[in-house]
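Remarks on the structure that follows.
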Amino acid sequence: MKLLTLTIAAYNVEDYLEDTLSSLYKSKFLDEFEVLIVDDGSKDKTSEIGKKYENLAPQTFKYISKENGGHGSTINKGIELATGKYFKVIDGDDWVNTEAFDQFIIKLDNADTDLVLTEHVGVYPDKKEPIEMIHDLKEGIVYSLSTPLDFSVSLHTTSVKTDLLRKNNVHILENVFYDDAEYVIWSIYVSNTFTYYNLPVYMYRKGNENQSASKQNMIKNIEMQKTMAYRLVSLDNDFIKQINNNKQQIILKTIIQSVGGAMRTFMLFDNAKNAKNELVKFDSEIKKISVPVYEQLNTNKFISLVRKGNYNLFSVIRLAYKTWTNIKY
6 MKLLTLTIAA YNVEDYLEDT LSSLYKSKFL DEFEVLIVDD GSKDKTSEIG KKYENLAPQT
66 FKYISKENGG HGSTINKGIE LATGKYFKVI DGDDWVNTEA FDQFIIKLDN ADTDLVLTEH
126 VGVYPDKKEP IEMIHDLKEG IVYSLSTPLD FSVSLHTTSV KTDLLRKNNV HILENVFYDD
186 AEYVIWSIYV SNTFTYYNLP VYMYRKGNEN QSASKQNMIK NIEMQKTMAY RLVSLDNDFI
246 KQINNNKQQI ILKTIIQSVG GAMRTFMLFD NAKNAKNELV KFDSEIKKIS VPVYEQLNTN
306 KFISLVRKGN YNLFSVIRLA YKTWTNIKY
């Protein structure tokens, strides 16, 4: 059995995939992990690049072609085909820090917790920034997810035991963006123990206007944001009675990011009245799906402020947020 399966979500990434795969090909431990290059119906040269690495190191790289089904479908295909003890997702426009990755493989050889967390770095066109999500964890300690600790989880920091994903029939929603949040929630839900290594393994490309997280695409894809937010709230509603409070609080952080992100996108709409009406309808749907989750979302200051006084502060918040985003972007 391989120590690790890495699923590469690859759709029209000919400009980036060489960086992704070469960063893994440079590893000293090619026999210890596998890379599933899941081509989600690309129309460019993604397939040529994927097949090139399959030919270079067939014991490590496997090119898989499938019909387009969205980012979530590449994760689902990866879970289906994985042979590694642990499972990790890498987007086709990102890459790994090879030195940190090799240290991670060494650590993983001795790991047996359900979940393993590492660090990631945001890479902009002109700078790199460590993305801090973990604050009071010590390296190599076996922690329980029932223990109150200050940390968050993202797709980029997560490696989870493959058999737990399969035993729990994890299936990520397809044909939408922003599905990484669902994968994170499932990773927390299926896990009971975890360990942390202070290794900047994942290099996360940022500042690209074509990314789903860009300002323009967030507005364009608001319906997908809403769909994913509803999905997360529904999942959490199903999980609440089955998990301990601390695990639920970690999951809630991801839901807050999703719901709060959709609310911020509404504020970028040009028409203020339409923006408010759409936000109110969105928030009402959240409440219909789960009153307990709706109420817990009030623990977030931004969401609580938006809802305050029957959304009476919306115009002020919208103006402030649009001004801030214009300065930032």
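As numbered in the working numbering, residues 6 to 334 make up the sequence shown, in order. All C-beta atoms in this analysis are idealised placements derived from N, C-alpha and C, irrespective of residue type, glycine included. Please read these numbers as outputs of a predicted model, since none were measured by experiment.
Residue i versus residue j: straight-line alpha-carbon distance, rounded
i      : j      : result
Leu22  : Trp329 : 33 angstroms
Trp191 : Thr152 : 18 angstroms
Asn341 : Gln221 : Residue 341 is absent from the model: the chain starts at 6 and stops at 334.
Asn276 : Ile224 : 12 angstroms
Lys211 : Leu237 : 24 angstroms
Leu240 : Tyr68  : 32 angstroms
Val195 : Ser164 : 12 angstroms
Leu41  : Thr12  : 5 angstroms
Leu113 : Ile139 : 19 angstroms
Lys31  : Trp100 : 12 angstroms
Leu29  : Asn282 : 47 angstroms
Leu178 : Ile256 : 17 angstroms
Lys143 : Ala105 : 17 angstroms
Asp107 : Tyr201 : 15 angstroms
Asn197 : Ile260 : 20 angstroms
Pro297 : Val175 : 24 angstroms
Tyr299 : Asn115 : 41 angstroms
Gln254 : Ser149 : 14 angstroms
Residue i, DSSP secondary structure in three states
i      : result
Met6   : coil
Gly127 : strand
Phe351 : A query on residue 351 cannot be resolved here, the shown segment of the chain reaching from 6 to 334 and no further.
Asp49  : coil
Ser263 : helix
Pro297 : helix
Gly89  : strand
Thr12  : strand
Ile256 : helix
Tyr21  : coil
Phe274 : coil
Minimum C-alpha distance to residue i - residue among the options
i      : options                           : result
Asn73  : Asp243, Val189, Ala15 and Leu169  : Ala15
Gly266 : Met233, Asn279 and Phe244         : Met233
Met6   : Val175, Tyr235, Phe199 and Asp168 : Asp168
Ser47  : Asp20, Arg323, Ser27 and Asn60    : Asp20
Tyr188 : Gly89, Ser263, Ile308 and Asp49   : Ser263
Lys258 : Asp98, Asn303 and Asp117          : Asn303
Asn17  : Lys71, Glu59, Glu228 and Tyr209   : Lys71
Asn226 : Phe274, Lys246, Ser309 and Lys278 : Phe274
Cβ neighbour criterion (16 or more within 10 Å) applied to residue i
i      : result
Leu8   : buried
Ile54  : buried
Tyr334 : Low confidence applies here, because Tyr334 scores a pLDDT of 47, under 50, leaving its location unreliable; read the following figure in that light. Under this definition Tyr334 is an exposed residue.
Proximity test, Cβ basis, 7 angstroms: residue i and chain C
i      : result
Ile227 : Among the chains in the structure shown there is no chain C, since it carries only a single protein chain.
Any non-hydrogen atom of the ligand NAP closer than 6 angstroms to residue i Cβ
i      : result
Gly145 : This structure simply doesn't include the ligand NAP, nor any ligand for that matter.
*Below 8 angstroms, can you find three or more Cβ-Cβ pairs linking the segment 151 to 170 to the segment 90 to 97?*
yes
*asked:* Check whether the segment 76 to 84 and the segment 176 to 194 are in contact - that is, three or more C-beta pairs closer than 8 angstroms.
replied: yes
*Are there three or more Cβ pairs, one per stretch, closer than 8 angstroms when the segment 32 to 47 is compared with the segment 55 to 68?*
yes
*Between the segment 267 to 274 and the segment 284 to 297, do at least 3 Cβ pairs fall closer than 8 angstroms?*
yes
*contact_flag[the segment 123 to 130, the segment 43 to 60] where n(CB pairs < 8 angstroms) is 3 or more*: no
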